[in-house]
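Position in the sequence shown (first residue = 1) + 13 = our numbering.
Reviewing the structure listed below.
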Amino acid sequence: MMFNAFLFSFFFARLSRCEQRAIQVIFSNKAIFKREFTSGGICRYKLDLRTYDIDSSHPIVEAHVRIYAIKHTPLLVGVSSNEGYHDLKFDPMRVESPNDELGAMLYISAPHIISHHIGMYSPICPPEKRAFAEGGRVPIKSGFVVDSAGFRLRELDSHVESRAGLQCIICGERYGTHKNLVRHIEQSQRIERNDKLPIKDSHQELDLQKIFKKGESYDRSNSSYGVMDDSNNEDAACYEQFKKHFKECNLEILVIVEGIDPMMSGTFQAMQSYAFDDIVFGGEFAPCMISHDQDGIAKVDLKRFHKIVR
């Protein structure tokens, strides 16, 4: 009886291994880096990739995604014993779609595009752009940007007012967008002028034309921070800064889709990495699904799954 139990458990353990299920989860050959504009005119950058479960007749249970940025550039350490060695750091990248605040859940029985917003908190954002918020409208050193305290935040959360990313340097009131911050300063200035309050250390000393005007900034210490804005630059010119940064840090993007096999109830992971040569600058993924009006069945054209259109 013990031998039969051992033999049964041995075969069950072998049959229930789910690692091979990951082979049926495919990723796009290339990731797309692109620029787009919000309805408010803010320039933003995104990194998109596409994934699909070929065995769509057995949908993966609790599928979700994680993305990491790996920088292979060795740190320059002035100690002879550390020469040639460096730590490989996996920086988590916040996922915009599917929303990682909701678990980054996926239904990949149909092709799904995964997106990462490259804001000032993104680990793959160049240092020059990391010094500005809202597409270059607000310099971080100006004091109007709330300190992240080392947390990996999403700048988009501030755009939709789910988190206050900007603050008034006079009274400390916090707002999600620079437009609401400007409204607060303007209203406070009207009230203070009506009450005949002194200008010094009040909202009246803030010059809004210099704070948020392109090419100028406000600084109480009379030093210039400058303003960076890509809204009027061509795509090619904007991409060069990112290309240079990706090459210098030898960037690699690691994507992990994790889920449960519905047949064997085992957890598995499907992985895909994208090096610099695997990133396409500009473009969109071509539609790859077609529906038949007669039977209403939707099919995926795998020949178009990896196709990118510009």
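For each residue, glycine too, the CB sits at the ideal point set by N, CA and C.
Because the structure is a prediction, the values reported are computed rather than measured.
**Request:** Can you give me the start and stop residues for the beta strand (DSSP E) that K84 sits inside?
**Result:** For this step, residue 84 is matched to residue 71 along the sequence shown. From DSSP, the beta strand (DSSP E) with K84 extends over 74-84.
**Item:** Backbone secondary structure at L12 - three-state DSSP
**Value:** For residue 12 there is no data in the structure shown, the boundaries of the chain being 14 and 323.
**Request:** Report the residue from C31, D61, Q200 whose alpha carbon sits nearest the alpha carbon of D291.
**Result:** Here residue 291 refers to the residue found at position 278 when the sequence shown is read from its first residue. Nearest of C31, D61, Q200 to D291, Cα basis: D61.
**Message:** Less than 6 angstroms between C-beta atoms, sequence neighbours within five positions excluded: which residues of the same chain meet that for T86?
**Reply:** Working through the sequence shown from its first residue, we reach residue 86 at position 73. Within the same chain, T86 has close Cβ partners C262, N263.
**Item:** For F289, the residue or residues it bridges with in DSSP
**Value:** In the sequence shown, residue 289 corresponds to position 276, counting from 1. In DSSP, F289 forms no bridge with anything.
**Item:** Inside the region 141-206 only - alpha helix (DSSP H) runs reaching at least 4 residues
**Value:** 168-172
**Asked** By Cβ distance below 8 angstroms, which residues in the same chain neighbour K177 in space, the five residues on each side in sequence not counted?
**Response** For the purposes of this step, residue 177 is taken as residue 164 along the sequence shown, with counting starting at 1. One point to set straight first is that residue 177 is Ala, not Lys, in the sequence displayed. Excluding positions up to five away in sequence, the list reads V159, S171, R187, Y188, G189.
**Residues of its chain near G91, where Cβ-Cβ distance is below 6 angstroms and the 5 sequence neighbours each way are ignored** = Residue 91 sits at position 78 when you count from the first residue of the sequence shown. In this predicted model, G91 has a pLDDT of only 49, less than 50, meaning its place in the structure is not dependable; the value taken from the coordinates is given anyway. Excluding its 5 nearest sequence neighbours in each direction, G91 has no C-beta neighbour in its own chain below 6 angstroms.
**Request:** Look at the alpha carbon of M106 and the alpha carbon of G116, and state the distance between them as a whole number of angstroms.
**Result:** Stepping through the sequence shown from its first residue, residue 106 is reached at position 93. Stepping through the sequence shown from its first residue, residue 116 is reached at position 103. When rounded, the distance between both Cα atoms is 14 angstroms.
**Message:** DSSP has I126 in a bridge; who is on the other side?
**Reply:** Within the sequence shown, numbered from 1, the residue matching residue 126 stands at position 113. Bridge partners of I126: R63.
**Request:** Return the Cβ separation of I182 and F157 in integer angstroms, given the expectation that the two are a contact with Cβ distance under 8 angstroms.
**Result:** As a working note, residue 182 is residue 169 in the sequence shown. As a working note, residue 157 is residue 144 in the sequence shown. With 8 angstroms as the limit, I182 and F157 qualify as a contact, their Cβ atoms being about 6 angstroms apart.
**Prompt:** Among D208, I310, Q202, which has the Cα closest to the Cα of E218?
**Reply:** The count along the sequence shown starts at 1 and reaches residue 218 at position 205. Closest option to E218, judged by alpha-carbon separation, among D208, I310, Q202: Q202.
**Request:** Return the CA-CA distance between F103 and K192, expressed in angstroms with no decimal places.
**Result:** Along the sequence shown, one-based indexing puts residue 103 at 90. Along the sequence shown, one-based indexing puts residue 192 at 179. Rounded to whole angstroms, F103 to K192 spans 35 angstroms at the Cα level.
**Asked** Between the Cα of E174 and the Cα atoms of E147, E141, Q254, which residue gives the shortest distance?
**Response** Translated into positions along the sequence shown, residue 174 becomes position 161. Ranking E147, E141, Q254 by Cα distance to E174 puts E147 first.
**Of the residues F281, F289, V270, G163, the one placed nearest K84, counting alpha carbons only** = For this step, residue 84 is matched to residue 71 along the sequence shown. It is F289.
**Item:** Whether K59 touches K43 by CB criterion (9 angstroms)
**Value:** In the sequence shown, the residue the question calls residue 59 occupies position 46. In the sequence shown, the residue the question calls residue 43 occupies position 30. Cβ distance not < 9 angstroms, so K59 and K43 don't count as in contact.
**Prompt:** Got a sec? Which residues, its chain only, sit under 7 angstroms from Y81 by beta carbon, not counting five neighbours each side?
**Reply:** Reading the sequence shown from its first residue, position 68 is the one you call residue 81. Setting aside the 5 residues that flank it on each side, Y81 is surrounded in the same chain by F103, D104, P105, M106, L267, each with a C-beta closer than 7 angstroms to its C-beta; the list follows chain order.
**Item:** Helix, strand or coil at Y58 [DSSP, three-state]
**Value:** The residue labelled residue 58 in the question sits at position 45 within the sequence shown. The three-state reading of DSSP puts Y58 in strand, counting E and B together.
**Message:** Please state the DSSP three-state secondary structure of Q217.
**Reply:** Position 204 of the sequence shown holds residue 217. DSSP places Q217 in helix when its eight states are reduced to three.
**Item:** Helix, strand or coil at K47 according to DSSP, with G and I counted as helix
**Value:** As a first step, residue 47 is located in the sequence shown; it is residue number 34 there, counting from the start. Strand, per DSSP.
**Prompt:** So what does DSSP say about K320, is it helix, strand or coil?
**Reply:** Locating residue 320 in the sequence shown gives position 307, where the first residue counts as 1. K320 falls in the coil class under three-state DSSP.
**Prompt:** When the distance is taken between beta carbons, is H197 closer than 9 angstroms to E205?
**Reply:** Within the sequence shown, numbered from 1, the residue matching residue 205 stands at position 192. Within the sequence shown, numbered from 1, the residue matching residue 197 stands at position 184. Not a contact, by the Cβ cut-off of 9 angstroms.
**Request:** Taking only the alpha-carbon atoms, compute the straight-line gap between E229 and G295 and give it to the nearest angstrom.
**Result:** What you label residue 229 is simply residue 216 of the sequence shown in a count that begins at 1. What you label residue 295 is simply residue 282 of the sequence shown in a count that begins at 1. Low confidence applies to E229: its pLDDT is 41, below 50, so where it sits in the model is not reliable enough to give any reading.
**Request:** Please name the residue in E49, R79, D308 whose C-alpha comes closest to that of E114.
**Result:** In the sequence shown, counting from the first residue as 1, residue 114 sits at position 101. For E114, the nearest C-alpha among the options comes from R79.
**Asked** Is it right to say S135 is buried, meaning 16 or more other beta carbons lie within 10 angstroms of its own, or is it exposed?
**Response** As a first step, residue 135 is located in the sequence shown; it is residue number 122 there, counting from the start. The residue is buried, with at least 16 neighbouring Cβ atoms inside 10 Å.
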